[in-house]
Amino acid sequence: MNIINKFYHEWRDLMDNKSDQRTTNWMLMSSPIPTVIICLSYVYIVKVLGPRFMQDRKPFKLRKIIIVYNFLQVLFSLYLFLEVASVGWIGGGYSWRCQPVNHSTDADTMRMVSVCWWYYFSKFTEFFDTFFFVLRKRYDQVSTLHVIHHGIMPFSVWWGVKFMPGGHSSFFGFLNTFVHIVMYTYYMLAAMGPEMQKYLWWKKYLTMFQMIQFIGIFTHAFQLFFHNPCNYPIVLAYWIGGHGVLFLFLFANFYKQAYTKKEVKVKVDRDINENALNGGNGLYEAKQKAATAFDQNGNHAYSNGVRNRITAVAE
Numbered sequence: 001m002n003i004i005n006k007f008y009h010e011w012r013d014l015m016d017n018k019s020d021q022r023t024t025n026w027m028l029m030s031s032p033i034p035t036v037i038i039c040l041s042y043v044y045i046v047k048v049l050g051p052r053f054m055q056d057r058k059p060f061k062l063r064k065i066i067i068v069y070n071f072l073q074v075l076f077s078l079y080l081f082l083e084v085a086s087v088g089w090i091g092g093g094y095s096w097r098c099q100p101v102n103h104s105t106d107a108d109t110m111r112m113v114s115v116c117w118w119y120y121f122s123k124f125t126e127f128f129d130t131f132f133f134v135l136r137k138r139y140d141q142v143s144t145l146h147v148i149h150h151g152i153m154p155f156s157v158w159w160g161v162k163f164m165p166g167g168h169s170s171f172f173g174f175l176n177t178f179v180h181i182v183m184y185t186y187y188m189l190a191a192m193g194p195e196m197q198k199y200l201w202w203k204k205y206l207t208m209f210q211m212i213q214f215i216g217i218f219t220h221a222f223q224l225f226f227h228n229p230c231n232y233p234i235v236l237a238y239w240i241g242g243h244g245v246l247f248l249f250l251f252a253n254f255y256k257q258a259y260t261k262k263e264v265k266v267k268v269d270r271d272i273n274e275n276a277l278n279g280g281n282g283l284y285e286a287k288q289k290a291a292t293a294f295d296q297n298g299n300h301a302y303s304n305g306v307r308n309r310i311t312a313v314a315e
């Protein structure tokens, strides 16, 4: 019982006395528990409740809603980026080397504190990406990467807003909001229909852009391990940098699965078409190529069903 009481008092001291008092009374800032509950509810909805609800229903047609949603997300991301840039990383004199948190209440500083909270809030609006996938029965899009990325971000950002809004760790939001301007623009165009596909050749490079973002985030955070002239809390460098490394790993794995394997398939398809023109020997070679086509992860580039169909043609 004494251990529980001690933990409770230390927890209250952390939340009430060691946190940033400017955000204490802001919505969802009193405790991380509401944020945790919302994040866990999100995971339950998109992985269990949503698919169960849609089980006997036809996919919803949400094209117009999705276009409007993505347009609003572009505007929201643009607002956040311009704010954090103007009062911090571009127009606010922030040091790219090491930037402490300003604990004053002057107008520009409070703008930075406010935009940090709105960035935290934006992580909840991004849940609708997944809700739309579920309502459209696009369960293939509700991947582990997608759910982890969306599910932990509100909780991760909460700690920064609660204890150190602004300063060095806001570089994460600075880069992320810029990437989201580009990303939601792509999603908006993609939702407009097949006629837009010829303008969306850069999907692959969008994923690369996201990975470059994470390299920038953990590089910027981890530099404090070697030199920390502003005495920024090193625990936040671990926290932010660790997220950058985690998401880089997850997105790199997605890139390999989505694009490397696809490129192998396209190459085999081309070889099959070329060899088919040469008659039986060419078809036999096509069969062999399809049977031995692997991606960089060691997985077959073709499913058994596709290989069997090629085999049937070749024989």
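Numbered per UniProt numbering, the sequence shown spans residues 1 to 315.
Backbone N, C-alpha and C fix where the C-beta goes; we use that ideal spot for every residue, glycine too.
Because the structure is a prediction, the values reported are computed rather than measured.
Is the beta carbon of residue i less than 9 Å from the beta carbon of residue j?
i	j	result
V161	D20	yes
T24	D16	yes
L206	M183	yes
F254	S143	yes
F132	I66	yes
W158	L28	yes
L175	Q213	yes
V149	F226	For the sequence presented, residue 149 should be read as His rather than Val. Contact flag unset, no.
D108	G92	yes
Rounding to the nearest angstrom, what Cα-Cα distance links residue i and residue j in this structure?
i	j	result
V68	M188	8 Å
R270	G151	Its pLDDT being 49, under 50, R270 is placed unreliably by the model, and the measurement read from it follows with that caveat. Distance between the alpha carbons of R270 and G151: 40 Å.
V266	K203	Note on V266: pLDDT 47, under 50, position unreliable in the model; no value is reported.
F155	C39	7 Å
L49	Y94	45 Å
K18	S41	29 Å
residue 383	M112	There is simply no residue 383 to check, as the chain begins at 1 and stops at 315 in what is shown.
K47	V147	9 Å
D140	P51	12 Å
Using CA coordinates, which residue listed in the options is at the minimum distance from residue i?
i	options	result
W26	M110, H9 and Y199	M110
Y79	A252, V179, T105 and L224	V179
residue 352	L82, I148, L236 and R52	This structure gives no information on residue 352, because the portion of the chain shown stretches from 1 to 315.
A258	V87, L236, L224 and M208	M208
S104	P165, Y42 and V142	P165
residue 318	K6, D106 and M153	Because the chain is modelled from 1 through 315, residue 318 falls outside the range shown and cannot be assessed.
K256	A107, M211 and I4	M211
A191	L135, T260, W11 and R63	R63
Subject >> Inter-stretch contact at 8 Å, needing at least 3 Cβ pairs: the segment 119-135 / the segment 53-73 >> reply: yes
Original post:
Given 8 Å as the limit, is there contact between the segment 166-183 and the segment 102-116, that is, 3 or more CB pairs closer than that?
Top reply: yes
Subject >> the segment 209-227 in contact with the segment 240-255 per 3-pair CB rule at 8 Å >> reply: yes
Original post:
Can we say the segment 89-107 touches the segment 229-237, given the rule of at least three CB pairs closer than 8 Å?
Top reply: yes
Subject >> Whole beta strand (DSSP E) elements within the segment 72-133, 3-residue minimum >> reply: none
**OP:** Pick out the complete alpha helix (DSSP H) segments inside the segment 9-39, 4 residues or longer, and give them in chain order.
**Re:** none
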